[in-house]
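In our numbering, the protein residues as written are 615 to 1001.
Next up, the structure:
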């Protein structure tokens, strides 16, 4: 089990949320193109200014994208004049201008958190030096950028093996999931995403709010809550993802206090291991020539007979050659020898053969290994010792 503590801080990030908004009061509109805005409200008019409020994701420090201001009233200019708009900050600093248009873009394409104040002037202009421009309107505009409430996530994860439904006695299905405990706050847009290196199961995003029956954005994870379902022997990684509309942002591992949780499932996990019969090999298939067929030369060798799997495995300990003998009507499909890390060291595909099959284990270093034997009756695991 690994404890994950998530304390979020701010960071500039660009998320592509296509949000078109246009609000008009009297003679002015604010339009947003492709931005990282979560929501926009306004305008309201107070103090002679048009006031807008724009909310951005908690991890961003700026409103980024494309946005413009439009003079919404219809007007025309006389002969020799053309429409001309200037946009300055309230401090007088130049921002942008436009000709023959009712709109002017706000450049550069970012606004920091806080109130951004502009003065928009609308003219009928003339290029001749002896003809003055005609001022049609002056508009004061305030755009206040705020961030969403910062989430806080404190979660612990633990993989577990799933059982076959209604099995008695209970047997593992081979599938795993993840138990979750802990708590979260302001997490209405946060999801847990599980990926695996084998791409064996679909990537799925699980809302954090599903971890409590209340569905609240701030809650303690309910008892016995878990998620995910996959059986592949591979490495699984849990990521934290922010989603809002078309915005999808994977929280980088190592950022904001979040660290991805990774766990690897091997053949040893969730395996129903049948205990082998101990002691010397005893033929169970009624052949008087069994001893010769198995070429047993040392009566002190320990051999394994798995009656359910319909095979015998010998010698144990093994030095050079591991033998597998099918018994009764059993068929041998494959044999693989794994180390303690779940890595196959030697293997042999047998294609449902009967009789005696052998696997050369000379190259293995002395130690303990696991032999995975697949027969017509299922998959079985035996512990072996290499001298």
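Glycine is no exception: its CB is placed at the ideal position from the N, C-alpha and C atoms.
Buried versus exposed, by CB contacts within 10 Å (16 or more), residue i
| i | result |
| --- | --- |
| residue 817 | exposed |
| residue 722 | exposed |
| residue 853 | buried |
| residue 689 | exposed |
| residue 837 | exposed |
| residue 718 | buried |
| residue 562 | In the structure as shown, the chain begins at 615 and stops at 1001. Residue 562 is therefore absent and cannot be evaluated. |
| residue 677 | buried |
| residue 774 | exposed |
| residue 967 | exposed |
| residue 861 | buried |
| residue 788 | buried |
| residue 896 | Below a pLDDT of 50, predicted positions are generally treated as unreliable, and residue 896, at 34, falls in that range; no measurement from the model is reported. |
| residue 957 | exposed |
| residue 778 | exposed |
| residue 1001 | exposed |
| residue 694 | exposed |
| residue 923 | buried |
| residue 692 | exposed |
First through last residue of the beta strand (DSSP E) which encompasses residue i
| i | result |
| --- | --- |
| residue 841 | 840-844 |
| residue 761 | 748-761 |
| residue 957 | That residue, residue 957, is in no beta strand (DSSP E); it is neither H nor E in DSSP. |
| residue 799 | 786-799 |
| residue 975 | Premise fails: residue 975 is in no beta strand (DSSP E) and is neither H nor E. |
| residue 816 | It is not in any beta strand (DSSP E) - residue 816 carries neither H nor E in the DSSP assignment. |
| residue 855 | 849-858 |
| residue 686 | That residue, residue 686, is in no beta strand (DSSP E); it is neither H nor E in DSSP. |
| residue 779 | Run containing residue 779: none; DSSP gives neither H nor E here. |
| residue 929 | 925-930 |
| residue 652 | First-last for residue 652: undefined, no H or E at that position. |
| residue 810 | 804-810 |
| residue 863 | 861-864 |
| residue 717 | 717-719 |
| residue 935 | 935-940 |
Residue i versus residue j: straight-line alpha-carbon distance, rounded
| i | j | result |
| --- | --- | --- |
| residue 725 | residue 769 | 34 Å |
| residue 754 | residue 761 | 23 Å |
| residue 970 | residue 939 | 4 Å |
| residue 973 | residue 814 | 30 Å |
| residue 670 | residue 796 | 27 Å |
| residue 978 | residue 959 | 8 Å |
| residue 855 | residue 829 | 18 Å |
| residue 642 | residue 707 | 21 Å |
| residue 661 | residue 735 | 18 Å |
| residue 681 | residue 791 | 45 Å |
| residue 665 | residue 658 | 5 Å |
| residue 654 | residue 696 | 32 Å |
| residue 926 | residue 780 | 31 Å |
| residue 870 | residue 715 | 44 Å |
| residue 983 | residue 859 | 51 Å |
| residue 998 | residue 919 | 13 Å |
| residue 650 | residue 863 | 11 Å |
| residue 910 | residue 928 | Residue placement at residue 910 cannot be trusted, given a pLDDT of 32 that sits under 50; the coordinates are not used to answer. |
| residue 663 | residue 674 | 27 Å |
| residue 962 | residue 949 | 5 Å |
| residue 798 | residue 976 | 54 Å |
| residue 757 | residue 802 | 26 Å |
| residue 820 | residue 857 | 11 Å |
| residue 710 | residue 750 | 18 Å |
| residue 656 | residue 741 | 36 Å |
| residue 908 | residue 878 | Note that residue 908 has pLDDT 30, beneath the 50 cutoff, so the model's placement of it is unreliable and no number is given. |
| residue 732 | residue 747 | 21 Å |
| residue 822 | residue 713 | 50 Å |
| residue 872 | residue 866 | 8 Å |
| residue 881 | residue 930 | 21 Å |
| residue 729 | residue 884 | 57 Å |
| residue 667 | residue 766 | 24 Å |
| residue 647 | residue 683 | 11 Å |
| residue 904 | residue 784 | For residue 904, the pLDDT reaches just 29, beneath the cut-off of 50, and the residue's location in the model is therefore unreliable, although a value from the coordinates is still provided. Approximately 36 Å between the Cα atoms of the pair. |
| residue 964 | residue 825 | 46 Å |
| residue 935 | residue 772 | 39 Å |
| residue 840 | residue 776 | 11 Å |
Contact test: residue i Cβ vs the ligand FMN heavy atom, cutoff 6 Å
| i | result |
| --- | --- |
| residue 693 | For the structure depicted, the ligand FMN is absent and the ligand set is empty, with no information on it obtainable. |
Per DSSP, the bridge partner or partners of residue i
| i | result |
| --- | --- |
| residue 988 | 948 and 993 |
| residue 670 | 761 |
| residue 824 | DSSP, once it has assigned bridges, lists no residue as partnering residue 824. |
| residue 738 | 697 and 748 |
| residue 675 | Looking at the DSSP assignment, residue 675 forms no beta bridge with any residue, so it has no partner. |
| residue 726 | 676 |
| residue 875 | 852 |
| residue 665 | 658 and 756 |
| residue 702 | 708 and 733 |
Inset, instruction - Would you check if the region 818-833 and the region 686-705 touch, i.e. whether three or more CB-CB distances between them fall below 8 Å? - result: The region 686-705 makes no contact with the region 818-833, as fewer than three CB pairs between them are under 8 Å.
Inset, instruction - For the region 940-948 and the region 978-996, state whether three or more C-beta atom pairs, one from each stretch, are separated by less than 8 Å. - result: Yes: at least three Cβ pairs fall under 8 Å.
Inset, instruction - Taking 8 Å as the threshold, find out whether the region 807-822 comes into contact with the region 845-862 through three or more Cβ pairs. - result: These segments touch.
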